[in-house]
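Reviewing the structure listed below.
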């Protein structure tokens with residue numbers, strides 16, 4: 001699950017400005033002159049809303065929020081939700097261009113009837129350009145790739161105000177070897193190199209047949225072993241999601257379901273009728289050999305919708321385990337061969353740490369989240385969570401993995417990034433940041 | 001077809017040095033002290049050999065050639081063929097690490113019996129790290145992606161001598177959102193940002209069934225329309241290669257074959273037995289509806305080998321059309337929907353220009369090459385070729401495509417790169433180059 005990060009959050013507090021001295025009435029008037037009065041706000045509640053996301057990380061409110069309505073309106077702190085045009089749909093080339101206000105659900109609604117869809121789905125109804133910025137992925141990435149594999153071109157407002165088209169203006173060849181891969185550099189740059197104002201995306205054909213299923217396992221090892229074997233058999237599975245017994249229980253209660261409260265896989269198969277049948281047969285065989293239950297089927301769109309809504313609501317289901325408390329999601333990703341041991345060690349660590357943290361994951365990619373639920377007023381519990389999260393990050397690093405499969409670095413994982421990529425890579429990233437944003441205007445303090 | 005670029009070519013002539021004054025005996029002694037006498041050469045024939053590739057572009061010989069045997073040996077001009085270790089094979093994770101001396105054929109020989117293979121295949125037996133440097137692709141890219149999708153991590157010696165691991169040392173998660181995507185930046189950087197000394201690659205399972213076929217069409221439009229329709233139907237075809245009637249004739253003569261001299265598709269299908277049969281049936285239907293011939297089958301490994309060897313020898317088959325002359329390959333790539341018109345206009349332009357230029361292409365990606373054969377002594381013909389190539393590049397750009405799908409920019413396409421990506425993108429690339437290689441030590445003069 002990738003959390004949606006509000007696009008309007010420019011974390012001014014991390015710049016050298018101590019208070020709001022710079023925010024003069026003159027300056028605000030200038031902003032209003034550009035975008036219109038209703039589109040500038042300094043209200044505390046608005047600023048705070050733009051300073052936080054779905055996580056429990058501390059709020060870093062900007063001093064002003066501005067809603068531009070077009071790329072030409074520049075400024076301090078940007079909420080791009082009003083830039084919501086979908087353009088350049090090329091059904092024959094499987095491409096479309098979207099502005100930052102377009103969410104992946106809005107795009108898929110727009111595509112209805114075209115036979116096409118955009119599969120990258122982080123769960124929440126995130127902005128597609130925001131998903132570019134965080135290199136998001138989600139449940140379908142095991143088959144269709146992450147944002148990295150599904151962005152063909154980006155329009156970016158650079159820190160100096162120039163407009164960059166990373167692959168040239170209005171271009172969408174399937175591949176290119178023309179110069180440095182700027183598109184790839186901006187995917188996952190978390191707003192630190194420029195404002196993404198348009199993304200040209202790769203679409204996919206809606207599969208002829210789609211079947212979803214659920215199966216339960218006697219233990220975590222059996223579920224994860226099945227996952228690894230399905231992937232190693234080269235089965236082109238579209239979704240393979242793990243939920244531990246705590247997560248299944250939480251989803252049952254939150255979404256009114258009645259799955260066995262055991263380690264469980266949610267699966268989805270895409271293809272021709274024949275290919276789906278073949279994939280299902282092969283997967284069933286693997287599952288059975290690991291002691292898994294028979295498949296509970298979700299063949300019709302409605303049943304499938306219910307299944308995936310329950311999965312996508314895992315975050316809220318976890319929160320409901322301790323009403324009134326806050327959530328803290330980890331996001332490690334490890335090589336498949338190391339996934340069983342890392343998951344099992346993490347389960348043990350959870351027990352030892354006496355923490356509530358259902359596990360859920362895009363295990364086909366080796367990526368899983370521990371949704372820790374804690375009382376933010378309880379200093380001792382907060383400390384235990386922070387220490388657990390750090391241990392988990394380091395456990396993933398020791399297994400040849402990453403501290404973040406899809407959420408990004410932001411503020412909280414800067415130390416883990418250093419440990420993960422090393423000083424040379426970090427200084428190379430800094431050199432790029434310095435070259436493209438020498439005044440450190442863009443999302444200062446983040447990532448590096 | 002991607003041409004192999006010799007890794008040892010540091011184009012010293014493009015630096016400020018007018019002659020070989022800098023190459024003192026002292027300096028050569030120092031080099032010999034590091035790598036040993038037999039591994040330093042200033043012989044004209046050796047330098048010239050390292051200054052050219054398979055193309056007819058002018059030779060830019062270095063003044064000295066050095067063969068280091070390990071990453072620790074630094075210096076001026078590098079031939080990395082003696083760094084040929086394959087390490088860190090992880091069959092369960094489908095990953096392996098290779099040094100620059102390892103070619104894709106050597107890797108696939110090494111993998112024999114493991115059930116795994118590396119599918120990116122530019123035709124020539126290229127160095128895998130060289131393929132990283134040029135963002136190579138080739139015949140299997142339509143199904144398995146280009147180098148961009150198949151590199152997980154890189155070890156790079158930076159211009160200042162530090163060793164960079166683009167995704168951190170000894171890491172190969174399937175996905176990551178940790179900091180800037182340095183791996184993607186170095187793929188396709190053509191040696192201008194650092195020396196790639198190791199690449200961690202994504203491997204694939206050998207398909208259960210493989211079938212290849214050939215079919216001929218009454219005209220170019222029908223062949224290309226079939227290609228577009230196969231892709232648009234979402235068929236997971238592994239290879240779909242176009243050869244025009246001139247190219248088929250040349251291959252027949254060069255490889256002793258007897259295909260009808262008509263616009264032709266070479267196809268390959270990978271999958272389970274059942275899936276391959278299904279793909280073949282659907283493709284045959286599309287081909288038939290466009291007036292294509294029945295499939296000529298190559299089911300057994302030997303027959304398939306013969307088919308693809310003929311395809312891979314297209315460059316030499318084209319050269320044999322005018323013995324003693326030189327070849328000049330173009331490399332445009334356009335959105336699929338524009339491919340038929342761009343191909344047809346190019347055929348007309350060839351006729352109008354009175355040039356010999358068989359067409360061959362990875363048309364599933366919208367990528368094709370015109371293998372122009374010319375007399376380099378004939379100034380007028382050289383001019384016609386240069387003008388044709390420029391027109392073709394601009395035709396691709398006008399159709400929303402790129403001047404290079406897989407060969408890269410090098411020296412010859414710097415002006416087209418400017419037209420393709422625009423001034424802002426070009427200056428952004430320059431800022432990155434300046435930041436990472438401020439002394440312009442790495443492959444100076446190339447790309448930018």
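Residue numbers (the UniProt record's numbering), protein chains in the order written: chain U, 1 to 448; chain W, 1 to 448. Ideal Cβ positions, reconstructed from N, Cα and C, are used throughout, including at glycine. These numbers come from a predicted model, not from an experiment.
Legend entry - Rounded separation between residue 104 of chain U and residue 211 of chain U - CA only: 22 angstroms
Legend entry - Where residue 2 of chain U falls, given that 16 or more other Cβ within 10 Å makes a residue buried: Per-residue confidence for residue 2 of chain U stands at a pLDDT of 30, beneath the threshold of 50, marking its modelled position as unreliable; the derived number appears in the next sentence. By the 10 Å Cβ count, residue 2 of chain U comes out buried.
Legend entry - Test: residue 51 of chain W CB closer than 7 angstroms to a CB of chain U: no
Legend entry - Short Cβ contact (7 angstroms threshold) for residue 355 of chain U with residue 327 of chain U: no
Legend entry - Min CB distance residue 126 of chain W to chain U below 7 angstroms: no
Inset, instruction - Return the chain-ordered list of same chain residues with a C-beta closer than 6 angstroms to the C-beta of residue 218 of chain U, the five sequence neighbours on each side being excluded. - result: 291
Legend entry - Proximal residues of chain W, C-beta to C-beta of residue 168 of chain U below 7 angstroms: 420, 421, 422 and 425
Legend entry - DSSP bridge partner residues for residue 40 of chain U (one or two, in chain order): U:66
Inset, instruction - Determine, using beta carbons only, whether residue 55 of chain W comes closer than 7 angstroms to chain A. - result: Reference to chain A is not applicable here, since the protein chains of this structure are U and W.
Inset, instruction - Alpha carbon to alpha carbon, how far is residue 130 of chain W from residue 122 of chain W? Give it in angstroms, no decimals. - result: 11 angstroms
Legend entry - Where the alpha helix (DSSP H) containing residue 391 of chain U begins and where it ends: 379-398
Legend entry - Whole-angstrom C-beta distance between residue 250 of chain W and residue 452 of chain W, which should lie under 8 angstroms: Absent from the structure is residue 452 of chain W, since the part of chain W shown begins at 1 and ends at 448.
Legend entry - residue 110 of chain W, DSSP secondary structure in three states: helix
Inset, instruction - Compute the distance between the beta-carbons of residue 296 of chain U and residue 363 of chain U, then report whether it is under 7 angstroms. - result: no
Inset, instruction - May I ask you to verify whether the region 150-169 of chain W touches the region 187-198 of chain W, counting CB pairs closer than 8 angstroms and requiring at least 3? - result: yes
Inset, instruction - Using a threshold of 7 angstroms, state whether the C-beta atoms of residue 402 of chain U and residue 413 of chain U are closer than that. - result: no
Inset, instruction - Grab the span of the alpha helix (DSSP H) containing residue 326 of chain W for me, first residue to last. - result: Here residue 326 of chain W belongs to no alpha helix (DSSP H); instead the beta strand (DSSP E) covers 326-329.
Legend entry - Minimum length 3: unbroken beta strand (DSSP E) runs contained in the region 212-292 of chain U: 239-243 and 264-271
Legend entry - Rounded C-alpha distance that separates residue 358 of chain U from residue 53 of chain W: 57 angstroms
Inset, instruction - Return the residue from the list U:346, U:366, U:106 and U:229 that minimises the CA-CA distance to residue 279 of chain U. - result: U:229
Inset, instruction - With a threshold of 16 other CB atoms inside 10 Å of the CB of residue 339 of chain W, please say whether the residue is buried or exposed. - result: buried
Legend entry - Within chain U, partners of residue 90 of chain W - CB distance below 8 angstroms: 335 and 337
Legend entry - Identity of the residues DSSP links to residue 196 of chain U by a beta bridge: U:156
Inset, instruction - With a cut-off of 8 angstroms on the beta carbons, I'd call residue 86 of chain W and residue 116 of chain W a contact; round off their distance for me. - result: That belief does not hold up - the Cβ atoms of residue 86 of chain W and residue 116 of chain W are roughly 12 angstroms apart, past 8 angstroms.
Inset, instruction - May I have the straight-line CA-CA distance separating residue 7 of chain W from residue 274 of chain W, to the nearest angstrom? - result: Per-residue confidence for residue 7 of chain W stands at a pLDDT of 37, beneath the threshold of 50, marking its modelled position as unreliable; the derived number appears in the next sentence. Whole-angstrom Cα-Cα distance: 43 angstroms.
Inset, instruction - Determine which residues of the region 373-405 of chain U have a Cβ less than 7 angstroms from any Cβ of chain W, and write them out in chain order. - result: 400, 401, 402, 403, 404 and 405
Legend entry - DSSP state of residue 47 of chain W mapped onto helix, strand, coil: helix
Legend entry - Beta-carbon contacts of residue 120 of chain W that lie in its chain and below 8 angstroms, excluding the five residues immediately before and after: 104, 131, 136, 137, 138, 140, 141, 144, 145, 146, 147 and 150
Legend entry - Touching by the beta-carbon criterion (3+ pairs, under 8 angstroms), the region 231-240 of chain W and the region 168-177 of chain W: no
Legend entry - Between the CA atoms of residue 331 of chain U and residue 168 of chain W - distance to the nearest angstrom: 17 angstroms
Legend entry - Euclidean distance between Cα positions of residue 381 of chain W and residue 374 of chain W: 7 angstroms
Inset, instruction - Taking only beta-carbon positions, decide if residue 429 of chain W is within less than 7 angstroms of chain U. - result: yes
Legend entry - For residue 293 of chain U and residue 233 of chain U, the rounded distance between their alpha carbons: 20 angstroms
Legend entry - Pair within 7 angstroms by beta-carbon distance, residue 65 of chain W and residue 46 of chain W: yes
Inset, instruction - Output, in sequence order along the chain, the residues in the region 151-175 of chain U whose CB is closer than 8 angstroms to any CB in chain W. - result: 158, 162, 163, 164, 165, 166, 167, 168, 169, 170, 171, 172, 173, 174 and 175
Inset, instruction - Determine which residues share a DSSP beta bridge with residue 202 of chain U and list them. - result: U:95
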